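A.B. asks: Sharing a structure, written as structure tokens. Questions coming.
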Amino acid sequence: MDKITATQNLDDIIIRVEGARLKISEHHIVKIIGISKYSTSKEVEVLYNVGQRAFGENKVQDLKSKSEALDEFPIEWHFVGTLQKNKINNLIDLNPTLVHSIDSLELAQELNKKLQAKGKKMSILLQINSAYEESKSGVMPETAIETYKQILDTCPNIRLKGVMSIGAHVEDEKVIKESFKTTKKIFDELSPLGAKYCSMGMSSDYELAIASGSNMIRVGSTLFKD
Ligand SMILES: *Cc1c(COP(=O)(O)O)cnc(C)c1O
Numbered sequence: 001m002d003k004i005t006a007t008q009n010l011d012d013i014i015i016r017v018e019g020a021r022l023k024i025s026e027h028h029i030v031k032i033i034g035i036s037k038y039s040t041s042k043e044v045e046v047l048y049n050v051g052q053r054a055f056g057e058n059k060v061q062d063l064k065s066k067s068e069a070l071d072e073f074p075i076e077w078h079f080v081g082t083l084q085k086n087k088i089n090n091l092i093d094l095n096p097t098l099v100h101s102i103d104s105l106e107l108a109q110e111l112n113k114k115l116q117a118k119g120k121k122m123s124i125l126l127q128i129n130s131a132y133e134e135s136k137s138g139v140m141p142e143t144a145i146e147t148y149k150q151i152l153d154t155c156p157n158i159r160l161k162g163v164m165s166i167g168a169h170v171e172d173e174k175v176i177k178e179s180f181k182t183t184k185k186i187f188d189e190l191s192p193l194g195a196k197y198c199s200m201g202m203s204s205d206y207e208l209a210i211a212s213g214s215n216m217i218r219v220g221s222t223l224f225k226d
């Protein structure tokens with residue numbers, strides 16, 4: 001991916017995000033996270049040089065290698081993948097800006113324990129399986145609010161900042177939108193408890209996600225395409 005392509009890809013996303021967010025409100029700000037899991041650190045650097053500042057990975061090892069390779073740039077790194085318990089300490093040591101994918105109370109408590117042992121804090125989102133798909137991680141919508149409160153009550157070293165969902169993996173836009181609306185409704189109920197981010201929307205559905213209230217999108221293939 002050269003500089004011209006990177007500029008076009010990013011401009012295209014920014015224009016679409018602008019269109020979608022302004023339909024809600026001028027004050028509805030949407031943060032774009034570039035998911036670099038299928039790309040090289042060189043490609044991340046190209047996108048950094050045309051203005052993208054936040055990137056995310058779905059494997060702890062890849063987050064480590066890319067963040068170390070690009071150490072000289074003030075990049076904000078996010079983690080969006082399934083977190084295995086034996087990788088928690090490695091993730092903590094990388095100081096990610098935000099971990100989107102905490103998908104159970106048990107995992108949050110294990111993370112909290114390891115944060116306490118290191119005297120550190122971490123910002124996270126609770127992942128919700130609003131599409132009700134077995135292949136997806138996340139707490140069920142019916143238990144999300146209770147789990148969110150339990151994390152707030154029992155995990156002092158976790159800064160719980162909101163919710164994350166992956167849209168339904170289907171063609172029917174109505175079904176995808178329904179899954180986003182489910183997450184947005186939960187997010188609205190949690191905002192009095194300090195929820196700030198509603199992370200939803202990927203390359204194929206981010207405009208739909210923004211229309212449903214997302215304020216953080218995670219775009220990979222469409223941002224890094226050649
Ligand atoms: C890969 C991934 C993305 C980006 O997916 P694209 O369809 O390539 O935009 C977003 N979120 C998560 C959790 C991912 O694993």
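Just so you know, the sequence shown maps onto residues 1 to 226 in the working numbering.
Backbone N, C-alpha and C fix where the C-beta goes; we use that ideal spot for every residue, glycine too.
These numbers were taken from a predicted model, which means no experiment stands behind them.
Using 8 Å for Cβ pairs, my map puts Met-200 next to Ser-165. What's the rounded Cβ distance?
C.D. replies: Reading the sequence shown from its first residue, position 200 is the one you call residue 200. Reading the sequence shown from its first residue, position 165 is the one you call residue 165. That pair is a contact at about 5 Å.
A.B. asks: For the stretch 97–106 against the stretch 70–87, do three or more pairs of beta-carbon atoms, one drawn from each stretch, fall closer than 8 Å, so that the two count as touching?
C.D. replies: yes
A.B. asks: Tell me, to the nearest whole angstrom, how far the beta carbon of Phe-180 is from that of Leu-160; I am working on the premise that it is less than 8 Å.
C.D. replies: Indexing the sequence shown from 1 puts residue 180 at position 180. Indexing the sequence shown from 1 puts residue 160 at position 160. The C-beta distance from Phe-180 to Leu-160 rounds to 20 Å, too long to meet the 8 Å contact threshold.
A.B. asks: So, Thr-97 versus Ser-123, is the Cβ gap smaller than 8 Å?
C.D. replies: By 1-based counting over the sequence shown, the position of residue 97 is 97. By 1-based counting over the sequence shown, the position of residue 123 is 123. Their beta carbons are under 8 Å apart, which means Thr-97 touches Ser-123 by this criterion.
A.B. asks: Whole beta strand (DSSP E) runs in the stretch 162–214 with 3 or more residues, listed along the chain?
C.D. replies: 197–199
A.B. asks: Cα-Cα, which of Lys-225, Ile-217 and Thr-222 is closest to Ile-29?
C.D. replies: Working through the sequence shown from its first residue, we reach residue 29 at position 29. It is Ile-217 whose Cα lies nearest to the Cα of Ile-29.
A.B. asks: On a Cα-Cα basis, can you pick out the residue from Thr-147, Gln-127 and Gln-109 that is closest to Lys-121?
C.D. replies: On the sequence shown, residue 121 is found 121 positions in, with the first residue counted as 1. Comparing Cα positions, the closest option is Gln-109.
A.B. asks: With hydrogens ignored, establish whether the beta-carbon of Met-200 is closer than 7 Å to any heavy atom of ligand 1.
C.D. replies: In the sequence shown, the residue the question calls residue 200 occupies position 200. Not so, every heavy atom of ligand 1 lies at least 7 Å from the Cβ.
A.B. asks: Can you tell which of Arg-53, Phe-187, Gln-116 and Glu-57 has the C-alpha that lies nearest to the C-alpha of Lys-31?
C.D. replies: Walking along the sequence shown from the start, residue 31 turns up at place 31. Ranking Arg-53, Phe-187, Gln-116 and Glu-57 by Cα distance to Lys-31 puts Arg-53 first.
A.B. asks: Can you name the residues that DSSP bridges to Leu-230?
C.D. replies: This structure gives no information on residue 230, because the portion of the chain shown stretches from 1 to 226.
A.B. asks: Quick one: grab the DSSP three-state call for Ile-217.
C.D. replies: Indexing the sequence shown from 1 puts residue 217 at position 217. DSSP places Ile-217 in strand when its eight states are reduced to three.
A.B. asks: Please report the straight-line C-alpha distance between Ile-210 and Ser-25, rounded to a whole angstrom.
C.D. replies: Taking the first residue of the sequence shown as 1, we reach residue 210 at position 210. Taking the first residue of the sequence shown as 1, we reach residue 25 at position 25. In this structure, the CA atom of Ile-210 is about 11 Å from the CA atom of Ser-25.
A.B. asks: How is Phe-79 classed by DSSP in three states: helix, strand or coil?
C.D. replies: As a working note, residue 79 is residue 79 in the sequence shown. Residue state, collapsed to three classes: strand.
A.B. asks: Does Asp-2 get closer than 8 Å to chain C when you measure Cβ to Cβ?
C.D. replies: Judged by its chain identifiers, the structure shown contains no chain C, having just a single protein chain.
A.B. asks: Hey, how far is the Cα of Val-46 from the Cα of Gln-8?
C.D. replies: Taking the first residue of the sequence shown as 1, we reach residue 46 at position 46. Taking the first residue of the sequence shown as 1, we reach residue 8 at position 8. If you take the alpha carbons of Val-46 and Gln-8, they lie about 12 Å apart.
A.B. asks: Can you tell me whether DSSP reads Phe-224 as helix, strand or coil?
C.D. replies: Taking the sequence shown and counting its residues from 1, the one referred to as residue 224 is at position 224. The answer is helix: DSSP assigns Phe-224 an H, G or I state.
A.B. asks: Find the nearest neighbour of Leu-111 within the set Gln-127, Ile-92, Leu-125 and Gly-34, judged by alpha-carbon distance.
C.D. replies: Working through the sequence shown from its first residue, we reach residue 111 at position 111. Ranked by how close their Cα comes to the Cα of Leu-111, the residues Gln-127, Ile-92, Leu-125 and Gly-34 have Ile-92 in first place.
A.B. asks: What does the Cβ neighbour count give for Asn-58, buried or exposed, with the cut at 16 atoms within 10 Å?
C.D. replies: Counting from 1 along the sequence shown, the entry for residue 58 is found at position 58. Classification of Asn-58: buried, given that the 10 Å Cβ count is 16 or more.
A.B. asks: Between Val-170 and Thr-183, is the Cβ-Cβ spacing less than 8 Å?
C.D. replies: In the sequence shown, residue 170 corresponds to position 170, counting from 1. In the sequence shown, residue 183 corresponds to position 183, counting from 1. The answer is no: Cβ separation not under 8 Å.
A.B. asks: Identify whether Met-50 lies in helix, strand or coil by the three-state DSSP scheme.
C.D. replies: The residue labelled residue 50 in the question sits at position 50 within the sequence shown. What sits at residue 50 in the sequence shown is Val, not Met. Coil, per DSSP.
A.B. asks: Go through the stretch 94–150 residue by residue and report every complete run of the beta strand (DSSP E) that reaches 3 residues or more, in order.
C.D. replies: 98–102 and 122–127
A.B. asks: Using a Cβ-based criterion (distance less than 7 Å to any ligand heavy atom), does Arg-53 qualify as near ligand 1?
C.D. replies: Sequence index remark: in the sequence shown, residue 53 carries index 53 (1-based). No, since every heavy atom of ligand 1 falls outside the 7 Å radius drawn around the Cβ of Arg-53.
A.B. asks: Which residues does DSSP pair with Phe-55 in a beta bridge?
C.D. replies: Sequence index remark: in the sequence shown, residue 55 carries index 55 (1-based). Its beta-bridge partners are Gly-34 and Trp-77.
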